[in-house]
Amino acid sequence: MMPFFRIMSHRLLVFSHAAVLGVNRALFWKISEVSNTQVRLIVPQSWKGDLIADLQFHSEPEDRRIEVVPLPVAFSGKGSFFFYSQSLKKHISDFRPDHVFVYEEPWSFSVLQAFWAARGYSRSFFTNQNLKKKLPLPFELLQRWIFSNADHGYTVSDETADVLRWKGDQGEIRLLPFSYDPTLFYPRSDAERTQRRESLGLGRDDFIISYFGRMQPEKGIDDLVEAIFKAEGEPDLKRARFLIVGNGRLLESTRQKLSPLIPHRVTVLPAVPHHQVPEVLSAVDILSLPSRTTKTWKEQFGRILIEAMACGAATVGSDSGEIPHLIRKTKGGLVFHEGDPNDLLKQWVTLARDPALLLEKKTLGQRYVSSNFTHDAVARSFIGKLGFQLK
3 MMPFFRIMSH RLLVFSHAAV LGVNRALFWK ISEVSNTQVR LIVPQSWKGD
53 LIADLQFHSE PEDRRIEVVP LPVAFSGKGS FFFYSQSLKK HISDFRPDHV
103 FVYEEPWSFS VLQAFWAARG YSRSFFTNQN LKKKLPLPFE LLQRWIFSNA
153 DHGYTVSDET ADVLRWKGDQ GEIRLLPFSY DPTLFYPRSD AERTQRRESL
203 GLGRDDFIIS YFGRMQPEKG IDDLVEAIFK AEGEPDLKRA RFLIVGNGRL
253 LESTRQKLSP LIPHRVTVLP AVPHHQVPEV LSAVDILSLP SRTTKTWKEQ
303 FGRILIEAMA CGAATVGSDS GEIPHLIRKT KGGLVFHEGD PNDLLKQWVT
353 LARDPALLLE KKTLGQRYVS SNFTHDAVAR SFIGKLGFQL K
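Residue numbers (our numbering): 3 to 393.
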């Protein structure tokens, strides 16, 4: 007689404003694929984003793996203040989740709303806040209530976990880093790299140094511009071409500052859709992330770093926030002192001067992220820690 094996199915209910974008639903698609987990994902119908002013929910083919429920929200675009403008109880009671994961900061109204509606269920929150700062009293009290009512919390990095402890969270803290799709982000062949470079107006033998991201002061754009001008006097960077891709209030002023070097040394492009980013990244040798720490912000993860490494690029990043920890952990690049264009230039020169070192950084970085930061790897870790059954 054949033995009977009971396949246990679990239910995971997720709330996430970021998942209004399909790319941010990919981890939950993967969770459904690799485990016996039914996923219901609650997202806003629309969102006023930083880079895209009017985001609308659009169903993706991969959404068939899970159940996505778009709901109207109040105060769209206001991360801490927004909440769903209809009751959440029916979305909880008819699903009867084994766990409720609110992918929002623990002082947010949306976390309070979801936690209150899900009283009696296992609940968790997410944070990527890596600054030790006190919140205004109402938010401080809200956050303490969330800490005391959460089964555990998720953080994007070890540094964020340290901050969570500093804030007084005595519960269990689990790591949930950002992840990427290896079917999009992977090293291209030499022929494909050449084709992509040509389509961007770059030379086959150019040494491509790039920046992708928001064109804002805290991202170190002024340091990047200064280092680019200093590179004009560096013999080791005579083959260097600089590729800047992004949107933000400094885009036009950056283009104007660099105009003497455009187009023969610098190419400036507006942000491209996320699914096109790997095609552009695959053309570069170095991805630079020159972020600067401010009183209210420092780099919380630097997802573009792991995406660049996945595409076979080396990285050069400042020592702001999580950047140096991520680069040193992956061994995929070099770190410079934030706010120091001379040191940024020095790291570019170090990699340009030593092809063996450049290749080593590219190889080690790609190897590490492909083992630890894919959607599959992060999904399996997440599910395993919940005690849900993997397929």
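For each residue, glycine too, the CB sits at the ideal point set by N, CA and C.
At which residues does the alpha helix (DSSP H) containing residue i begin and terminate?
| i | result |
| --- | --- |
| Gly304 | It is not in any alpha helix (DSSP H) - Gly304 carries neither H nor E in the DSSP assignment. |
| Tyr370 | 357 to 374 |
| Glu142 | 139 to 151 |
| Glu281 | 279 to 283 |
| Glu174 | No alpha helix (DSSP H) contains Glu174, which is instead part of the beta strand (DSSP E) from 174 to 177. |
Roughly how many whole angstroms lie between the Cα atoms of residue i and residue j?
| i | j | result |
| --- | --- | --- |
| Leu336 | Ala28 | 30 Å |
| Ile223 | Lys348 | 17 Å |
| Val158 | Glu142 | 21 Å |
| Leu178 | Pro262 | 44 Å |
| Thr162 | Ala20 | 19 Å |
| Met4 | Gln391 | Any reading at Met4 needs caution, since the residue's pLDDT is 41, under 50, leaving its predicted position unreliable; the model's value is listed next. When rounded, the distance between both Cα atoms is 22 Å. |
| Tyr86 | Ser112 | 7 Å |
| Asp160 | Gln131 | 11 Å |
| Glu362 | Thr332 | 11 Å |
| Asp287 | Phe209 | 6 Å |
| Arg355 | Pro237 | 10 Å |
| Ser37 | Leu289 | 34 Å |
| Pro138 | Glu35 | 41 Å |
| Arg8 | Ala316 | At Arg8, the pLDDT of 49 sits below 50, so the modelled position is not reliable and the matter cannot be decided from this model. |
| Ser191 | Lys297 | 43 Å |
| Asp65 | Gly51 | 21 Å |
| Glu234 | Gly314 | 26 Å |
| Pro189 | Ser95 | 45 Å |
In the DSSP assignment, find the unbroken beta strand (DSSP E) run with residue i in it and report its ends.
| i | result |
| --- | --- |
| Ile210 | 209 to 214 |
| Glu62 | Note, Glu62: premise wrong, no beta strand (DSSP E); not H, not E. |
| Ile246 | 242 to 247 |
| Glu220 | Run containing Glu220: none; DSSP gives neither H nor E here. |
| Ser320 | 316 to 320 |
Kindly list the residues whose CB is nearer than 7 Å to the CB of residue i, restricted to its own chain and excluding five residues on each side of it in sequence; keep chain order.
| i | result |
| --- | --- |
| Ser372 | Pro184, Ala312 |
| Asp171 | Phe149, Gly155 |
| Val227 | Thr256, Lys259, Leu260 |
| Trp31 | Glu64, Arg67, Ile68 |
Considering only the alpha carbon of each residue, which of the options lies closest to residue i?
| i | options | result |
| --- | --- | --- |
| Lys240 | Leu178, Ile211, Glu220, Ser150 | Ile211 |
| Glu106 | Ala193, Arg251, Phe128, Leu90 | Phe128 |
| Leu283 | Arg198, Val227, Gly367, Ile264 | Arg198 |
| Ala193 | Asp207, Glu64, Ile94 | Asp207 |
Enumerate in chain order the residues of its own chain whose CB-to-CB distance from residue i is below 8 Å, with the five nearest sequence positions on each side excluded.
| i | result |
| --- | --- |
| Phe6 | A caution first: Phe6 carries a pLDDT of 42, below 50, which makes its placement in the model too unreliable to give a value. |
Can you list, in chain order, the residues of its chain with a C-beta nearer than 6 Å to that of residue i? Leave out the 5 residues immediately preceding and following it.
| i | result |
| --- | --- |
| His276 | Val25 |
Does the segment 145 to 160 come close enough to the segment 241 to 248 that 3 or more CB-CB pairs lie under 8 Å?
no
Evaluate the contact criterion for the segment 166 to 182 versus the segment 196 to 210: three or more CB pairs, one atom per stretch, below 8 Å.
no
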